[in-house]
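Its first residue numbered 20, the sequence shown is counted upward by one per residue in the numbering used here. Have a look at the structure below before the remarks.
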Amino acid sequence: MRDGNPDLVTVVGIGAGGWDGLSRTSRSALTEARVILGSSRQLELLPPAVPAERVAWPSPLVPALPGLFEEHAGPGVCVLASGDPMFHGIGATLVRVLGASRVRVLPHPSSVSLAAARLGWPLASVEVVSLVTEPVDVVRRVLNPGRKILVLSRDASTPAAVASLLSSAGFAAASVTVLSQLGGPLEQVSSDISGADPLNVVAIDCGAGPSSSLVPGLPDSSYVSDGQLTKREVRAVTMSVLAPVPGALLWDVGAGSGSIGIEWMRSHPSCRAIAVESHADRVSTIGVNAASLGVPGLRVVQGSAPAALEGLPAPDTIFIGGGLTRDGVLEACLAALRPGGRLVANAVTVESEAFLAAAYAEHGGEMTRVAVNRASPVGGFTGWRAMMPVTIWSVTR
20 MRDGNPDLVT VVGIGAGGWD GLSRTSRSAL TEARVILGSS RQLELLPPAV PAERVAWPSP
80 LVPALPGLFE EHAGPGVCVL ASGDPMFHGI GATLVRVLGA SRVRVLPHPS SVSLAAARLG
140 WPLASVEVVS LVTEPVDVVR RVLNPGRKIL VLSRDASTPA AVASLLSSAG FAAASVTVLS
200 QLGGPLEQVS SDISGADPLN VVAIDCGAGP SSSLVPGLPD SSYVSDGQLT KREVRAVTMS
260 VLAPVPGALL WDVGAGSGSI GIEWMRSHPS CRAIAVESHA DRVSTIGVNA ASLGVPGLRV
320 VQGSAPAALE GLPAPDTIFI GGGLTRDGVL EACLAALRPG GRLVANAVTV ESEAFLAAAY
380 AEHGGEMTRV AVNRASPVGG FTGWRAMMPV TIWSVTR
């Protein structure tokens, strides 16, 4: 049994109601603890009758965790966490650092659960976004007409930042509610975003506003570009070949305007991407596009492949959109793939298409040619204008 483990760490969720809001089991764990770790705010919620040594978290926290638990090794170690420790909380981090067998979690209702209860919102249909460690632009990914969103705030400045973003994104008429100190004696629910308590959740009822599809193939106008942009129709086909899955990491090599990496990350909040681009102006543009489309976490590496690929985390999938014919790029990408990983490369020029044909002959896989025609005015009539055909090669290691 885990409870017989002398190195067991008990994580106790605590709300704004403090000690009075805890269950008997949680109180008992804290009363019997030898050491209690937590933020200064959380530790101050404990009454003097709790005799344990109190240790405030250092900053930065995560790198210090192994040393902290080595220093305080032994039975009777507790951690205080806000609300439900396994919902955007320290509990998940401790499981990752210490292993599940060393962690026992005693949850408290999360601020999200309490907010949904106060508002009468069905929690299963609500989008939840955490700004505790993320920039406010991540909210853009979930904005759509009629959607309800709960935002976990970093501090008292978050409600105003969210309101400003909504205005710039075309949702100035959205209903914004600030819920502070949920579950505590100072709980407050208000539409006033000024002077917010640092411990707050922001509720957004989007109402009317511009729609933004999560399906790959956003309009080309969604991107700032100098022309180095995988066009909408080809991008949609390319993304279907890349086949993003939750949690997977993509390398977007020769990223141009960043559209492939951006739409990869938009497909699921856990998808990650690294855009590799040699041109400084395009590196800046990729950052602008990623923020405006709700995935500011897209990592951008300035440099030319294959040298720029050295030391990057091993990818699950690689897309080569530029620099395909440069010496060593394809070889380095194939070598970097995890077993079962997928590589997709697009070619527009005759030379790069010939390169893909040779790679297809050597490595197998699948090759597709996509030709797109768009309607456009021809005098007083309408005719078809052909875009440059694109050859797509994909291979699984």
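The beta-carbon is built from N, C-alpha and C at its ideal position, and this holds for glycine as well. Computed from a prediction, not measured in an experiment: that's the story for all the values here.
When DSSP reads this structure, Thr50 sits in no beta bridge, so it has no partner. In the structure shown, the three-state DSSP call for Met258 is helix. Gly32 sits in a strand when the DSSP states are folded into three classes. Considering only Gly402, Leu362, Arg393, Ala394, the residue with the shortest C-alpha distance to Ile411 is Leu362.
Relative to the Cα of Arg388, the nearest Cα in the group Glu282, Ser187, Ala373 belongs to Ala373. Residue environment for Ser240: exposed (fewer than 16 other C-beta atoms within 10 angstroms of its C-beta). Each of Leu356, Ser303, Gly118 was checked against the Cα of Leu328, and the nearest Cα belongs to Leu356. Look at Asp239 here: in three-state DSSP terms it is helix. For Ile337, the enclosing beta strand (DSSP E) stretches over residues 336-339.
Rounded to the nearest whole angstrom, the CA to CA distance from Val122 to Asp245 is 51 Å. Residue environment analysis places Thr44 among the exposed positions, since fewer than 16 neighbouring C-beta atoms fall within 10 angstroms of its C-beta.
Asp156 carries a helical assignment under DSSP once its states are collapsed to helix, strand and coil.
Under the 8 Å Cβ criterion, the segment 129-149 does not count as touching the segment 46-57, having fewer than three qualifying pairs.
Between Ser172 and Leu150, the C-beta spacing is below 8 Å. Here the alpha carbons of Leu269 and Gly36 stand approximately 43 Å from one another. In the three-state DSSP reduction, Trp403 falls in the strand class (E or B). The Cβ atoms of Val31 and Ala75 do not sit closer than 8 Å to each other. Going by DSSP, Cys352 is part of the alpha helix (DSSP H) stretching over 348-355. In the DSSP assignment, Pro396 falls outside any alpha helix (DSSP H) and lies within the beta strand (DSSP E) extending over 392-397. Residue pairing of Val151 in beta bridges, as defined by DSSP: absent, with no partner found. Of the residues Arg166, Arg73, Ala354, the one whose Cα lies closest to the Cα of Ala227 is Arg166. If you draw a straight line from the Cα of Glu153 to the Cα of Ile33, it comes to about 23 Å. Between the alpha carbons of Gly340 and Thr196 lies a gap of roughly 43 Å. Buried is the label assigned to Glu296, since at least 16 other Cβ atoms lie within 10 Å of its Cβ.
With the rule of 3 Cβ pairs closer than 8 Å, the segment 213-225 counts as touching the segment 175-189. According to the DSSP assignment, Ser199 belongs to the beta strand (DSSP E) that extends over 194-199.
Val295 is bridged by DSSP to Val272, Val320. Taking the Cα positions, Ala136 is about 31 Å away from Val234. Within the DSSP secondary-structure output, Trp412 pairs in a beta bridge with Ala364, Met386. Take the alpha-carbon of Leu198 and the one of Ala182: they are about 14 Å apart.
Take Pro77, set aside five residues on each side of it, and the residues of its chain with a beta-carbon closer than 7 Å to its own are Ala83, in chain order.
Under DSSP, no beta-bridge partner is assigned to Asp26.
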